[in-house]
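Visitor: Before I ask anything, let me first share the structure, which is written out below as structure tokens.
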Amino acid sequence: MTNPNTGIARIPRARKRSGLRKAPSLIAGAVIIGLLICWALVMFLAPTFPMNETVGDPLLLPSGQHPLGTDHVGRDLLVRMGIATGLSLLISAGTAVLAGVVGTILGLIAGYAGGWIDSVIMRIVDTVLSIPAILVALIVGVAFGTGPLPLIFALGVVFAPSFARVTRGPVLVLKERDFVRAAEMNGVGPVRIALSHLLPNAFTPLAINFATVASTVVLVEAALSYLGQGVPAPNPSAGRMISESTRFMQIDPLLVILPTLLIVVLAIAWNLLADGAQEYLAPRVDVGLPGSRGGPTILRKSKTPSPAGTADQTDSTETETAHQPKDVVSTGSERTRR
Amino acid sequence: MKRSIRSAIAVISAAAMLIGVTACGNTSSTSADGPPADGGTLKYAIAIQPPAGGIDPVIASSIAGQHLMDQAYESLLSKDESGKIQPELAVSYSQEDETTYRFQLREGVKFADGSAFDADDVVYSFEQYMKSTSGKAAYLPGLKSAKKLDEYSVELTLNQADSTFINALANRELFLMVSSDGYAKASKEDREKRSYGTGPFVLTDWQDGVSMTFEKNDEYWAKDQPRLDGIEFRIIPDDSTRLAAVQQGSVDAASFTDGVTAKQAAFGNWTLGKTYSTQALPIFINPTSGPLKDKKVRQAVSLALNRDVLIKTAQYGDGEVSYAAPAGDPAAPAVTDSTPNYQRNLDKAKQLLQETETPHPTIELSYFGDTSQSQHPIYELMQQQLSDVGINVSLKAKSTSELSPIFTSGQSFDGLVSLPWSYKPDPTFYYDSFLSENGALNQWKDNPDAAKAMELLAEAKKETDEEKKAQLIQDLADNVAEEALVIVPMAVPSDFEVWNQDVLKDYSTDYSTSRIALRTAWMSQ
Amino acid sequence: MLHYLIKRVGSSLFVLFLLSLMVFAMVRAIPGDPVAALIDQNNPDPAVIASLRHELGLDRPFWIQYFSWIGGVLQGDFGQSLTKPYTVMQLVAGRLPVSIELAIMATAFGLVIGIPVGLWAARRINGVFDTSSRFLSFAFLAIPPFALGTVLLLLNSLTVRAQLFGYVPFTQDPVKNLSVFLLPALLLGVVMAAVIMRYLRGTLLDTFSQDFVKSARAKGALPGRIITRHAFRNALIPVTTVVGIELGTLVGGTVVVETVFSLPGFGTTLVDAIRSSDYPVIQACVLLIGCMYVLINFVIDLMYPIIDPRVRSLSS
Chain S
1 MTNPNTGIAR IPRARKRSGL RKAPSLIAGA VIIGLLICWA LVMFLAPTFP MNETVGDPLL
61 LPSGQHPLGT DHVGRDLLVR MGIATGLSLL ISAGTAVLAG VVGTILGLIA GYAGGWIDSV
121 IMRIVDTVLS IPAILVALIV GVAFGTGPLP LIFALGVVFA PSFARVTRGP VLVLKERDFV
181 RAAEMNGVGP VRIALSHLLP NAFTPLAINF ATVASTVVLV EAALSYLGQG VPAPNPSAGR
241 MISESTRFMQ IDPLLVILPT LLIVVLAIAW NLLADGAQEY LAPRVDVGLP GSRGGPTILR
301 KSKTPSPAGT ADQTDSTETE TAHQPKDVVS TGSERTRR
Chain H
1 MKRSIRSAIA VISAAAMLIG VTACGNTSST SADGPPADGG TLKYAIAIQP PAGGIDPVIA
61 SSIAGQHLMD QAYESLLSKD ESGKIQPELA VSYSQEDETT YRFQLREGVK FADGSAFDAD
121 DVVYSFEQYM KSTSGKAAYL PGLKSAKKLD EYSVELTLNQ ADSTFINALA NRELFLMVSS
181 DGYAKASKED REKRSYGTGP FVLTDWQDGV SMTFEKNDEY WAKDQPRLDG IEFRIIPDDS
241 TRLAAVQQGS VDAASFTDGV TAKQAAFGNW TLGKTYSTQA LPIFINPTSG PLKDKKVRQA
301 VSLALNRDVL IKTAQYGDGE VSYAAPAGDP AAPAVTDSTP NYQRNLDKAK QLLQETETPH
361 PTIELSYFGD TSQSQHPIYE LMQQQLSDVG INVSLKAKST SELSPIFTSG QSFDGLVSLP
421 WSYKPDPTFY YDSFLSENGA LNQWKDNPDA AKAMELLAEA KKETDEEKKA QLIQDLADNV
481 AEEALVIVPM AVPSDFEVWN QDVLKDYSTD YSTSRIALRT AWMSQ
Chain D
1 MLHYLIKRVG SSLFVLFLLS LMVFAMVRAI PGDPVAALID QNNPDPAVIA SLRHELGLDR
61 PFWIQYFSWI GGVLQGDFGQ SLTKPYTVMQ LVAGRLPVSI ELAIMATAFG LVIGIPVGLW
121 AARRINGVFD TSSRFLSFAF LAIPPFALGT VLLLLNSLTV RAQLFGYVPF TQDPVKNLSV
181 FLLPALLLGV VMAAVIMRYL RGTLLDTFSQ DFVKSARAKG ALPGRIITRH AFRNALIPVT
241 TVVGIELGTL VGGTVVVETV FSLPGFGTTL VDAIRSSDYP VIQACVLLIG CMYVLINFVI
301 DLMYPIIDPR VRSLSS
């Protein structure tokens, strides 16, 4: 079909799904996390057994009375796993959010401002990156005590640098692009540019980093619980449960499998959520390479190509690359590499 | 424990053994082994390498280094299974008066480098110990002098009478004799990484974090010892990995700190050696503030504990009821039904609490959070048991670095703190840290509840008659239990040794975990 | 360019100096006493402790301790470990190569697996390969490597009984050395591959929808060529960033894998030092990690304009 205004063949888009249906990962991730939250809440508010008390023989297999069995001290595992889930969720979400906010701001500023500001910020980032997480957690633990909240704070500090670095990269590229230049020339303030031009375009690596960080935090928290930071004994924590139970692995593997599964499921859920959020908020119709399987076919080119620089492709770009905001004038004249 | 799981695992293990390479031949080592053979290098998996001080006996005081030092060094005397003193480098000794001891040395002993062992070495060694800044000096309560009488006899003089001295000397790990030749000339670094002793083996190679290799000392004085050509100690920090090393057949023997893992290693040809509960778990008290000021609260704590259940459930039976002096020490008194406050009695505990100002106290209990993970369930169960009488325990799992200032700089602690310790040469030493004048954990100064105990302790240290001393120790232990000056849930084995009986013969464990039987053990070819 | 280099080196040195000061203060702020490892914990004698502290110079004022240490460092003397019978140099020189070898092998696995998978998945978007590799990468990112390692060792113990661990230096026995590193490097590499694959796929897809790709395609360029010549280089920036971060993490932070596979590595050294308050070792290790990050970031920053000329030169 030819666009009457420009004569350019419109590349047919893949079927545009409406609403949430265009982000199945988002739904999957949200559903899993929602279920985990429910389980955690139920176990927290109305547990079938007290979470820290011996209520049966140790190392029991799942039964009607104890749906997930008991641990090596005779505590019910269904309740303990539920609480551990809630705590893991809290810590990983809190950390990723804190680190994301702090790190992204730093990365935006550094990338956009450039110059000595960039240097200073990046050098600070390098410094923080070099300090081992354990050391930071120990210090924070001494200053603020142990528990989920100080841990979130400590780990937020530890992971902020990765967000800063991951944001800065794309920003360095983007700020040279014409649409940013144009906005600058139009007098749009730097904050607005950063937030509405730069940030959305850096969203993909950010979202991926969020998921990676959240799932890494679950693992880091395990190591830290081992050292006495984080969730204090005898409260349940997936990481600590794994290290406490490896010596029973050949006797009752369930004690190791269950917390591992918890970590895996939680991490998968985070990944799905982040993927889905990105699909939903900044949908790019994943058409892939034009011409390859799954991609659209270019029917024909009309004889009068439009001059580069006009907005003739805005309608297709709007939907396909909608992470570019609407007030942008797309040039389409990217330099191709030889 | 569910029987079905265990039998299932047993079946699986048996099946795996059939699939596996190792033959399931003889499971018992009988006299059909034949006469002992010489030769072979034993591969022994251990958990940690000696930290600060390496294997320099004058400086090193860590438990990790002790059994390694024992292969290369010896002391003047030693003790047998029942705790009786035996000759080692000294063939006999006599006590001239209250403060003077004479030792007749063994003749014909040579150090590994060939130089002769004589009185000069003994004098030199003691001078080193007296000067040293390690913890060893603390075990020499006022050694005034070490004097050479002639080539093979030495006289040691104390500042005052002290019955613990001979016991300290007879401990294999305290006062090891170093060479006044080789050791004296060696640099600090060499002393920590090489051995200059009279023992059956010599340290020849130490690869940091990987292994420590000992070779046979050809000059060793005892006939037919050692039979092994050498021992390679492989350093494998993780318990599960060490278990895997056993199962994958890359070592012939291994030691574990956790009974559950050790028992999994002991199947087929592998056997678990006899264990001795020499690690008491004393929980020290700060009675200067808080609810624990009141003796009745402390007694209630002890009465609320069900020690048998703690041993059975939290430690899977690997433990014994004990005084502060651990039950596995032959010199320690045995707990009986009449030991005060050791039988669980909930009614009495609640009644005692009612008589105090704080019938529902909250008490903090700190313990090592980053080590001895197998012991954590003990404290968790204790918390539950104490809540049965209305005592609310707040558990604090702290890192080693947080707890160490308590015994290095006498930093005070809140409530209760559990600091497990190990076998000590003399039973009075178990009470020193919290009852004697300089004890780092002594919070009982001027406290009338502890007055009698401190008296008994001082007396026991001076009493040289064995029987009288034993009685004093018993009285001291009972008094401490009565006044609840320290809470001891149990004593546990500090070490579990497993070995392949088809490969290593004539080996057995000992209560001081010195692995001394390695000098008589042999490998089947 | 030279100007930039000088500025960069200068600011890096400043960072390291700041880092040294920070870590020096931090280790003394947290609880813990290095002397604890040197005395008999069962029978502590305050006099002995005091004299030990004096011997180690721990009772001097903060600034004197700091300058005496930093002075030594500048001359190449990192001091003596407080809890092990080695100088810090010996300790690090012995352990660092192990971690570096592990990190390099893991990164190699990660790149070798991750890049092709990412490329192929982006090529056939939403196809079977794409969906299944995305799912697998989720899974690998989520499983704690030490749990997986322990399980694999257990399986080995019950079945094949290969000798999977027991470190020997490369110079002594190259074959055994590589076989010992194989499994842990693979475990870590697979995790890295998952990260690389996802970044690569994500940014490749972003690139595909850009106009220059459509133009190239319209001009008749083959999909494969488009990927390798045009899209790939665009996508390299985030991937390089990520590899840099991960590589840094690998050298310093693989304690649990090192423990499970019994490798005497750098991560274990650092954690042991932290637990026993071995100040000189902690300080040296953190400084070393700092140098490494500074170096890696420097190299990556240099690479940005090479990969993507749109990045205005570094003097931005």
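Residue numbers (our numbering), protein chains in the order written: chain S, 1 to 338; chain H, 1 to 525; chain D, 1 to 316.
Note that CB positions come from ideal geometry on N, CA and C, so glycine has one too.
#1: Would you grab the beta carbon distance between residue 33 (chain S) and residue 198 (chain D) for me? Rounded to a whole angstrom, and I think it's under 8 Å.
#2: For the stretch 247-261 of chain S, which residues have a CB atom closer than 8 Å to at least one CB atom of chain D, in sequence order?
#3: Under 8 Å, do residue 417 (chain H) and residue 283 (chain H) count as touching if we go by C-beta distance?
#4: Using a C-beta cutoff of 8 Å, does residue 193 (chain S) count as contacting chain D?
#5: According to the neighbour-count rule (16 or more other Cβ atoms, all chains shown, within 10 Å of its Cβ), is residue 336 (chain H) buried or exposed?
#6: Which value, in whole angstroms, describes the spacing of the CA atoms of residue 193 (chain S) and residue 171 (chain S)?
#7: In whole angstroms, what separates the C-alpha of residue 610 (chain H) from that of residue 378 (chain H)?
#8: Could you tell me whether the Cβ of residue 133 (chain D) comes closer than 8 Å to any Cβ of chain S?
#9: For a quick check, are the C-beta atoms of residue 32 (chain D) and residue 402 (chain H) less than 8 Å apart?
#10: Have a look at residue 40 (chain S) and residue 46 (chain S) and give me their C-alpha separation to the nearest angstrom.
#11: Any beta carbon from chain S within less than 8 Å of residue 11 (chain H)'s own beta carbon?
#12: Kindly say whether residue 156 (chain D), judged by its beta-carbon, lies nearer than 8 Å to any beta-carbon of chain H.
#13: With a cut-off of 8 Å, do at least 3 Cβ pairs link the stretch 112-123 of chain H to the stretch 183-202 of chain H?
#14: Identify every run of the beta strand (DSSP E) within the stretch 221-284 of chain H, keeping only runs that are complete inside it and at least 3 residues long; order them along the chain.
#15: I need the DSSP call for residue 505 (chain H), collapsed to helix, strand or coil.
#16: Round the Cβ separation of residue 353 (chain H) and residue 359 (chain H) to the nearest angstrom and send it over; I've been treating them as touching at under 8 Å.
#17: Taking DSSP as the reference, what is the three-state secondary structure of residue 48 (chain S)?
#18: Tell me the DSSP bridge mates of residue 522 (chain H)?
#19: Quick check on this structure: which residue in H:164, H:118, H:68 and H:146 has the alpha carbon closest to the alpha carbon of residue 152 (chain H)?
#20: Compare the C-alpha of residue 412 (chain H) against each of H:289, H:274 and H:47 and name the closest.
#21: Can you give me, in chain order, the residues of the stretch 239-264 of chain H that have a beta carbon less than 7 Å from any beta carbon in chain S?
#22: What would DSSP say about residue 385 (chain H), mapped onto helix, strand or coil?
#23: For a test of the three-state rule: what should DSSP assign to residue 536 (chain H), helix, strand or coil?
#24: Under three-state DSSP, which class holds residue 216 (chain H)?
#25: Do you know offhand how far residue 62 (chain D)'s Cα is from residue 218 (chain S)'s?
#26: From the DSSP output, in three-state form, read off residue 147 (chain H) for me.
#27: Hey, would you say residue 212 (chain H) sits closer than 8 Å to residue 206 (chain H), going by beta carbons?
#28: Which chain H residues are close to residue 74 (chain S), counting only those with a beta carbon under 7 Å from its beta carbon?
#29: Should the stretch 34-54 of chain H be regarded as contacting the stretch 165-183 of chain H, the criterion being three or more beta carbon pairs within less than 8 Å?
#30: Considering just the uninterrupted stretch of the beta strand (DSSP E) at residue 92 (chain H), what are its terminal residues?
#31: Quick one, are the C-beta atoms of residue 152 (chain S) and residue 98 (chain S) less than 8 Å apart?
#32: Hey, does residue 59 (chain D) have any beta-carbon neighbour from chain S nearer than 8 Å?
#33: Between which two residues does the beta strand (DSSP E) holding residue 540 (chain H) run?
#34: So with Cβ pairs under 8 Å, would you call residue 380 (chain H) a contact of chain S?
#35: Taking Cβ-Cβ distances below 8 Å as the criterion, which residues of the stretch 412-429 of chain H are in contact with chain S?
#36: Taking CB distances under 8 Å as the criterion, tell me whether residue 33 (chain D) reaches chain H.
Guide: Let's see:
#1: As a position in the first sequence, residue 33 (chain S) is number 33, starting the count at 1. As a position in the third sequence, residue 198 (chain D) is number 198, starting the count at 1. Rounded, the Cβ-Cβ distance is 19 Å, inconsistent with contact.
#2: 249, 250, 256 and 260
#3: Stepping through the second sequence from its first residue, residue 417 (chain H) is reached at position 417. Stepping through the second sequence from its first residue, residue 283 (chain H) is reached at position 283. Contact: yes.
#4: Numbered from its first residue, the first sequence carries residue 193 (chain S) at position 193. No, its Cβ sits nowhere closer than 8 Å to a Cβ of chain D.
#5: As a position in the second sequence, residue 336 (chain H) is number 336, starting the count at 1. Burial call: exposed.
#6: Position 193 of the first sequence, counting from 1, holds the residue named residue 193 (chain S). Position 171 of the first sequence, counting from 1, holds the residue named residue 171 (chain S). Roughly 11 Å separates the two Cα atoms.
#7: There is simply no residue 610 (chain H) to check, as chain H begins at 1 and stops at 525 in what is shown.
#8: For this step, residue 133 (chain D) is matched to residue 133 along the third sequence. Not closer than 8 Å to any Cβ of chain S, the Cβ of residue 133 (chain D) fails to qualify, so no.
#9: By 1-based counting over the third sequence, the position of residue 32 (chain D) is 32. By 1-based counting over the second sequence, the position of residue 402 (chain H) is 402. Closer than 8 Å, so yes.
#10: Here residue 40 (chain S) refers to the residue found at position 40 when the first sequence is read from its first residue. Here residue 46 (chain S) refers to the residue found at position 46 when the first sequence is read from its first residue. If I take the Cα positions, the gap works out to 10 Å.
#11: As a first step, residue 11 (chain H) is located in the second sequence; it is residue number 11 there, counting from the start. In this predicted model, residue 11 (chain H) has a pLDDT of only 44, less than 50, meaning its place in the structure is not dependable; the value taken from the coordinates is given anyway. Interface flag for residue 11 (chain H) against chain S is unset, since no Cβ pair is found closer than 8 Å.
#12: Within the third sequence, residue 156 (chain D) is the residue found at index 156, counting from 1. With 8 Å as the cut-off, residue 156 (chain D) counts as an interface residue toward chain H.
#13: As far as the Cβ criterion goes, the stretch 112-123 of chain H touches the stretch 183-202 of chain H, which means the pair count is three or higher.
#14: 230-235, 253-256 and 270-272
#15: What you label residue 505 (chain H) is simply residue 505 of the second sequence in a count that begins at 1. Residue 505 (chain H): strand per DSSP, three-state reduction.
#16: In the second sequence, the residue the question calls residue 353 (chain H) occupies position 353. In the second sequence, the residue the question calls residue 359 (chain H) occupies position 359. Residue 353 (chain H) to residue 359 (chain H), Cβ: 5 Å. Contact.
#17: Position 48 of the first sequence, counted from the first residue, corresponds to residue 48 (chain S). Residue 48 (chain S): coil per DSSP, three-state reduction.
#18: Along the second sequence, one-based indexing puts residue 522 (chain H) at 522. Looking at the DSSP assignment, residue 522 (chain H) forms a beta bridge with H:505.
#19: Counting from 1 along the second sequence, the entry for residue 152 (chain H) is found at position 152. Among H:164, H:118, H:68 and H:146, the Cα nearest to that of residue 152 (chain H) is on H:118.
#20: Reading the second sequence from its first residue, position 412 is the one you call residue 412 (chain H). Ranking H:289, H:274 and H:47 by Cα distance to residue 412 (chain H) puts H:289 first.
#21: 239, 240, 258, 260, 261 and 264
#22: The residue given as residue 385 (chain H) occupies position 385 in the second sequence. Residue 385 (chain H) falls in the helix class under three-state DSSP.
#23: There is simply no residue 536 (chain H) to check, as chain H begins at 1 and stops at 525 in what is shown.
#24: For the purposes of this step, residue 216 (chain H) is taken as the residue at position 216 of the second sequence. Residue 216 (chain H) falls in the strand class under three-state DSSP.
#25: In the third sequence, counting from the first residue as 1, residue 62 (chain D) sits at position 62. In the first sequence, counting from the first residue as 1, residue 218 (chain S) sits at position 218. Cα to Cα, the separation comes out at about 37 Å.
#26: Residue mapping note: residue 147 (chain H) aligns to position 147 of the second sequence, counting from 1. Residue 147 (chain H) falls in the strand class under three-state DSSP.
#27: One-based indexing of the second sequence puts residue 212 (chain H) at position 212. One-based indexing of the second sequence puts residue 206 (chain H) at position 206. Yes. Within cutoff.
#28: Translated into positions along the first sequence, residue 74 (chain S) becomes position 74. Those are 313, listed as they occur along chain H.
#29: no
#30: Taking the second sequence and counting its residues from 1, one reaches residue 92 (chain H) at position 92. Counting along the chain, the beta strand (DSSP E) containing residue 92 (chain H) begins and ends at 90-97.
#31: To locate residue 152 (chain S), count along the first sequence from 1; it is residue 152. To locate residue 98 (chain S), count along the first sequence from 1; it is residue 98. A contact, by the Cβ cut-off of 8 Å.
#32: Position 59 of the third sequence holds residue 59 (chain D). So no, residue 59 (chain D) is outside the interface.
#33: Outside the shown range of chain H, which is 1 to 525, sits residue 540 (chain H), and nothing can be said about it.
#34: Mapped onto the second sequence, residue 380 (chain H) falls at position 380. At least one chain S Cβ lies under 8 Å of residue 380 (chain H).
#35: none
#36: Counting from one through the third sequence, the residue named residue 33 (chain D) turns up at place 33. Yes, residue 33 (chain D) counts as interfacial toward chain H.
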